[in-house]
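> According to the numbering used here, the sequence shown is numbered sequentially starting from -4.
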Amino acid sequence: MTDTRTKRPPAPHAAERARTIAARHGSAALLPQAGSRTTPLFHHVHPCGSTTLLLPDEHPLVGQLWHSPRTEVTAMLEIADQAPVALREPVRGLLWLTGWVSALDDREAREEVLAVADVRPDHRLLDAGHGVTVLRLTPASMVIADAESTSSIQPEQFASATPDPFCGNEDHWLRHLEAAHRDVVGQLARHLPEELRAGRVRPLGLDRFGLRLRVEAECDDHDVRIAFSQSVSTPAELAAELRRLMGCPFLAQR
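1. Would ILE139 pass as a contact of ILE16 if the rule is Cβ separation under 8 Å?
2. What are the start and end residues of the alpha helix (DSSP H) that includes THR15?
3. Just checking my contact of GLU213 with ARG197 at CB under 8 Å: how many whole Å lie between their CB atoms?
4. What runs of the beta strand (DSSP E), each 3 residues or longer, lie entirely inside the region 49 to 79?
5. Return the residue from the list VAL86, ASP122, TRP91, TRP61 that minimises the CA-CA distance to ALA98.
6. With three or more beta-carbon pairs closer than 8 Å as the criterion, would you say the region 11 to 28 touches the region 77 to 96?
7. Counting only runs of 4+ residues fully inside the region 174 to 215, write out the alpha helix (DSSP H) ranges in chain order.
8. Which residues in the same chain as GLN248 place their Cβ atom closer than 7 Å to its Cβ, once the five residues preceding and following it in sequence are excluded?
9. Residues bridged to MET137 by DSSP?
10. In terms of residues, what are the limits of the beta strand (DSSP E) holding ALA24?
11. Alpha carbons only, please: which of SER31, THR69, ALA23, PRO42 is nearest the one belonging to LEU49?
12. By the 10 Å Cβ neighbour count, where 16 or more other Cβ atoms means buried, how is THR(-1) classified, buried or exposed?
13. Let me check one thing: in DSSP terms, what residues is LEU37 bridge-paired to?
14. Using DSSP bridges, identify the partner residues of ALA98.
15. Rounded to whole angstroms, what is the Cα-Cα separation between VAL129 and VAL108?
16. Have a look at the DSSP bridge pairing and note the partners of VAL86.
17. Which two residues bound the contiguous alpha helix (DSSP H) that contains GLU236?
18. Just to check my reading of the structure: PRO55 and GLY30 have Cβ atoms closer than 8 Å, yes? What is that Cβ distance to the nearest angstrom?
19. Any beta carbon of chain B sitting closer than 8 Å to that of ASP113?
20. Taking the C-alpha atoms as reference points, what is the distance between ALA75 and LEU25?
21. Can you give me the C-alpha to C-alpha distance between PRO188 and GLN77, rounded to a whole angstrom?
22. Looking only at its chain, what residues have a beta carbon closer than 8 Å to the beta carbon of ALA222, apart from the 5 residues adjacent to it on each side?
23. At the level of alpha carbons, what is the spacing between LEU251 and ARG115?
24. Taking the Cβ atom as the reference point for each residue, do HIS39 and THR46 lie within a distance shorter than 8 Å?
What follows is the structure, given as structure tokens:
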């Protein structure tokens, strides 16, 4: 996909975008340095960047980690940021965390699971210790790749950033926009470069700096950011910016 703007509008910085992808809990794949790609039963990225992983006891990586005490394996965790609406190219971005994976003993595993459950209750956590092993990935480096850029992030940068204020509601809002307000999407298309307005315009993303639209043309896809006049952090501020983009005084009430 290509970005059609030569002067890029304001966007969240790389660490903030990485925190947002992590907070969305998208599909993940674990790639050990020596071993095959596998999908964890569960993953949770903590604010510091360390990641809790669940794998079946019988998985070869678990056996490798328990082969000798405190064995660590170099691995990369890939997290995909999926668009909330059905697109022909649904992945909006990728986050890679590279570091060391270790298996936690029973006491550490219980503490880890309880810490995760406090902020993200999930029934899969109940399987820990019952055919499922708790692992921890300690990151050494991170890379994010999306329509904005491909950027390397240090764990301390990741830890000091915060997710976008709208990431918890973005999926619902964009699905509603796509399903119930196609007229709004059509009017937003007037902000697109003229050569893209004939394509199929879809809502792609929303953050504190603006809206992102995906234009599905016949031969290519284009992502375009429509900037707000200022950074926003509350639904009321967001409604005001949407009202400005639409020229509709009643949009805030929708």
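Note that the Cβ used here is the ideal one computed from N, Cα and C, for glycine as well.
Keep in mind it's a predicted model, so treat the numbers as computed, not measured.
Short version:
1. yes
2. 9 to 19
3. Wrong, their Cβ atoms sit about 15 Å apart, outside the cutoff.
4. 67 to 77
5. TRP61
6. yes
7. 177 to 183
8. Bear in mind that the predicted position of GLN248 carries a pLDDT of just 47, short of 50, making it too unreliable to give a figure here.
9. LEU92, ILE148
10. 23 to 27
11. ALA23
12. The pLDDT assigned to THR(-1) is 46, lower than 50, so where the model puts this residue is not dependable, and the model offers no usable value.
13. Reading the sequence as shown, one finds Phe at residue 37 and not Leu. Its beta-bridge partners are LEU49.
14. LEU130
15. 8 Å
16. GLN77
17. 230 to 241
18. 7 Å
19. This model lacks chain B altogether, as it is built from one protein chain only.
20. 12 Å
21. 25 Å
22. PRO4, PRO5, PHE204, GLY205
23. It is not possible to answer for residue 251, since the shown part of the chain is limited to -4 through 249.
24. yes
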